[in-house]
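Quick notes on the structure that follows.
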Amino acid sequence: MPGSPHATYRRRLLVIYNPTAGAGQLGRRKRARLEAYLDLLEDSGCAVEFRPTAKRGDAETFAAEAVAEKYDAVVAAGGDGTIGEVANGLPANSAPLGIFPLGTANVLAMEIGLPLDPPAVMRAVLHGPQTMIWPGFVNDRLFTIMAGVGFDAHVVRDLPPQMKRWFGKASYVIESLHQLAAYNVPRYRVGIDGKDYDCASAVVAKGHFYGGKFICAPHARLDDPSFEVCLFRMGGRIGAARATVALTLGLLQKLPEIELVRGHDVTITLLGTGLDGEPVQADGDIAATLPAHVRIGSRPIPLILPKGSTLAPDVISRAAE
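Residue numbers for the sequence shown follow this note's numbering, so the first one is 41 and each next one is one higher.
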């Protein structure tokens, strides 16, 4: 420990956040929560460096400087897209990643059992256990939760950013209804560890939650170096509507047209021609267009968990006894 034998070590944190939290009541709530996090940090006694982003790519650049020798933790304050951008920049010898959830869905926070209450989040970041998670990549872009093609990728691509800022999760419902009315359904060839499948949509999952607390891939785990791929066999508006309703009711896996396949290496291409530029979404942002190669990362990322998380090593050890 640096200094004299009686010196108190101050944890060193890098906090990367977007100071523009959005418009309307939703934006005001996000800004209030961000301010609560920052106030709690000021009172924590930690040595904190705040790095507000000004443009896309800033979070990745700031995270690239977060070597373990310089910080004890790097905290991403934002939604799943912001967290993914920070994770993309973390170097091999990085400090562990912490989360201040400020997004629309906060799927990664739900996946690890992190509450949205600022004092509880602060306790997790300052005192929580750590685990290693295996991210995925779409081509050269990292994701932590899932990547998808088909109906959900069209919703993400066509959702107006202003609508998302004003209406939050409700904006996805509105855009989904719009897509159902006019969706031109392609079909995809999804190769999983060398075996080909034909489907109308696919979600390549690292976690089991989707879009909130809806379960898409029940056996996927962040700390497992593999994917669970959810294949949606039925196409057309009826197939998309059936899957959407079943997902919200917790019945997705009961549909006969749903198939779950585990794998490590996934290729996605179009069946047929004339639909160039089909989007691929990752963690709620458009990450690529087809063709796409989805793979497990070559190294895991250290992630800070809340106490009692099912991913915590001590919880896993007790469950195995």
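Glycine included, every Cβ here is placed at the ideal spot set by N, Cα and C.
Identity of the residue in the options nearest residue i by Cα
i: Val306; options: Arg52, Thr350, Ala193, Phe267; result: Phe267
i: Asn58; options: Ala332, Gly188, Ala116; result: Ala116
i: Lys253; options: Leu220, Glu151, Val320, Leu199; result: Glu151
i: Arg277; options: Val147, Arg302, Leu220, Pro158; result: Leu220
i: Gly251; options: Glu299, Gln321, Asp238; result: Gln321
i: His167; options: Arg335, Leu154, Asn179, Asp263; result: Leu154
i: Gly190; options: Ala328, Ile336, Glu105; result: Ala328
i: Thr144; options: Gly124, Asp157, Ile123, Gly119; result: Gly119
i: Gly176; options: Asp157, Ala127, Ala132, Leu310; result: Ala127
i: Val269; options: Leu287, Ala103, Pro258; result: Pro258
i: Ile173; options: Ile336, Lys347, Lys110; result: Ile336
i: Ala132; options: Ile56, Glu109, Pro141; result: Glu109
i: Gly247; options: Ala240, Pro331, Leu148, Ile308; result: Leu148
i: Ala332; options: Ala352, Gly348, Ala242, Pro346; result: Ala242
i: Ser349; options: Lys70, Leu287, Val165, Asp83; result: Val165
i: Arg91; options: Leu78, Ser84, Asp83; result: Leu78
i: Asp263; options: Ala352, Arg181, Thr288, Phe249; result: Ala352
i: Met186; options: Asp83, Leu199, Leu156, Phe249; result: Phe249
i: Asn146; options: Lys70, Glu318, Leu330; result: Lys70
i: Ile308; options: Cys86, Leu330, His218; result: Leu330
i: Cys86; options: Gln293, Tyr111, Lys95, Ala104; result: Tyr111
Element boundaries [alpha helix (DSSP H), containing residue i]
i: Thr101; result: 98-103
i: Glu125; result: 120-129
i: Leu148; result: 147-151
i: Pro159; result: 158-167
Endpoints, beta strand (DSSP E) assigned at residue i
i: Ala187; result: 186-189
i: Gly176; result: 176-178
i: Arg335; result: 332-336
i: Ala327; result: 325-329
i: Val244; result: 241-245
i: Gly138; result: 137-141
i: Leu287; result: Not the beta strand (DSSP E): Leu287 falls in the alpha helix (DSSP H), residues 276-288.
i: Gln321; result: 319-322
i: Gln27; result: The question about residue 27 has no answer, for the chain in this structure spans 41 to 361.
i: Ala87; result: 87-92
Short Cβ contact (8 Å threshold) for residue i with residue j
i: Ile255; j: Phe272; result: no
i: Thr184; j: Asp323; result: yes
i: Leu295; j: Tyr228; result: no
i: Ala285; j: Val178; result: It should be pointed out that residue 285 corresponds to Val in this sequence rather than to Ala. Cβ atoms of Val285 and Val178: not closer than 8 Å.
i: Gly279; j: Val244; result: no
i: Met274; j: Arg261; result: no
i: Leu142; j: Arg73; result: yes
i: Ile56; j: Thr93; result: yes
i: Ala99; j: Glu75; result: no
Proximal residues to residue i (C-beta, below 8 Å), its chain only, five neighbours per side dropped
i: Ser44; result: With a pLDDT of only 42 at Ser44, under 50, the local geometry of the prediction cannot be trusted, and no value is derived from it.
i: Thr288; result: Phe254
i: Leu156; result: Arg73, Pro141, Asn146, Ala149
i: Gly97; result: Glu125
i: Glu361; result: Legend: pLDDT at Glu361 = 40, less than 50; position of this residue unreliable, value from coordinates given subsequently. Within the same chain, Glu361 has no close Cβ partners at all.
Same chain, Cβ closer than 6 Å to residue i, five either side skipped, listed in chain order
i: Leu291; result: none
i: Asp325; result: Gly121
i: Leu81; result: Val88
i: Ala106; result: Leu54, Val114, Ser134, Ala135
i: Pro346; result: Gly153, Leu154, Ala164, Gly168
i: Tyr237; result: Val230, Leu271
Own chain partners of residue i with C-beta closer than 7 Å, once the 5 adjacent residues on each side are dropped
i: Thr101; result: Gly129
i: Val225; result: Ala240, Gly275, Gly276
i: Gly318; result: Per the sequence presented here, residue 318 reads as Glu, with Gly not at that position. Correct list, in chain order: Val189, Pro226, Leu310, Thr329, Leu330.
i: Ala103; result: Ile56, Val114, Val126, Gly129, Leu130
Would you call the segment 154-167 and the segment 192-199 touching, i.e. three or more CB-CB distances under 8 Å? no
Contact the segment 290-304 vs the segment 340-347: 3+ CB pairs below 8 Å: no
Does the segment 220-240 touch the segment 128-138, meaning 3 or more C-beta pairs lie closer than 8 Å? no
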